[in-house]
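The sequence shown begins at 7 in this note's numbering and counts up one residue at a time.
Glycine included, each C-beta is placed from N, C-alpha and C at the ideal position.
This structure is a prediction, so every number in the text was calculated from the model and none was measured.
The structure under discussion appears below in the form of structure tokens.
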Amino acid sequence: MAVTLRPVQRQDGGRLVVLLDQLGYPTTEAEVDARLDGWMSDQSSWLIGADDDGELVGVAAMHVMPLLELDGRLARLLALVVDERYRSQGVGQSLVAAFETRARDSGCVKLEISSSRDRTRTHLFYKQLGYEDTCGTSARFIKAVHQAA
Ligand SMILES: CC(C)(COP(=O)(O)OP(=O)(O)OC[C@H]1O[C@@H](n2cnc3c(N)ncnc32)[C@H](O)[C@@H]1OP(=O)(O)O)[C@@H](O)C(=O)NCCC(=O)NCCS
Numbered sequence: 007m008a009v010t011l012r013p014v015q016r017q018d019g020g021r022l023v024v025l026l027d028q029l030g031y032p033t034t035e036a037e038v039d040a041r042l043d044g045w046m047s048d049q050s051s052w053l054i055g056a057d058d059d060g061e062l063v064g065v066a067a068m069h070v071m072p073l074l075e076l077d078g079r080l081a082r083l084l085a086l087v088v089d090e091r092y093r094s095q096g097v098g099q100s101l102v103a104a105f106e107t108r109a110r111d112s113g114c115v116k117l118e119i120s121s122s123r124d125r126t127r128t129h130l131f132y133k134q135l136g137y138e139d140t141c142g143t144s145a146r147f148i149k150a151v152h153q154a155a
């Protein structure tokens, strides 16, 4: 297996549907295609893909934003998933390494990941890579906003 990293492209839509399904977010190809429009046109966001012989087998979605309370920027890893057939072979670690490189090159001083409480094995993965679970000291508030029809 020779998995390489490259930007996600529009023709990866079908494979993204499979990966998002494995992440627990069933999505249609039309929905993914529409979302890709937003990603491709956003200068502060990147979709890093893992590729095996032309097939997208993993993705890391990231966004960089400025900070007000500190100098520098913050990078968020918004989604990370590796195809079930390719797990435990180092692909996830390479995607996180690419996320960190891109963040550093973009002037980031902080990296942030949020992950459902029930993904306990994945949390070990992040801890092994140097990330600290700060939920004991830092609450996370989310509110769904409904768009007007
Ligand atoms: C988490 C995930 C991206 C890791 O990708 P991967 O390519 O399997 O990871 P790597 O091979 O680089 O590293 C795996 C190592 O990290 C550790 N690890 C900790 N949690 C792990 C997990 N959930 N899956 C795989 N490895 C994990 C283990 O040491 C593991 O080595 P091992 O398989 O020999 O035990 C992948 O398992 C995945 O897509 N999981 C489902 C979706 C998910 O949880 N995404 C993150 C949402 S926040």
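message: With the cut-off set at 7 angstroms, would you say residue 67 and residue 114 are in Cβ contact?
response: no
field: Buried/exposed call for residue 105, threshold 16 Cβ in 10 Å
entry: buried
message: Between which two residues does the beta strand (DSSP E) holding residue 21 run?
response: First-last for residue 21: 19-29, but that is the alpha helix (DSSP H), not the beta strand (DSSP E).
task: Taking 7 angstroms as the cut-off, decide whether the C-beta atoms of residue 112 and residue 70 are in contact.
output: yes
task: Check whether the Cβ of residue 98 lies closer than 6 angstroms to any heavy atom of ligand 1, and answer yes or no.
output: yes
query: Looking at residue 24 and ligand 1, is the gap between the Cβ and the nearest heavy atom below 6 angstroms?
result: no
Distance between residue 26 and residue 32 (C-alpha atoms, nearest Å): 6 angstroms
query: residue 130 to residue 30, Cα distance in whole Å?
result: 19 angstroms
- prompt: Which residues mark the beginning and the end of the beta strand (DSSP E) in which residue 81 is found?
  reply: 79-88
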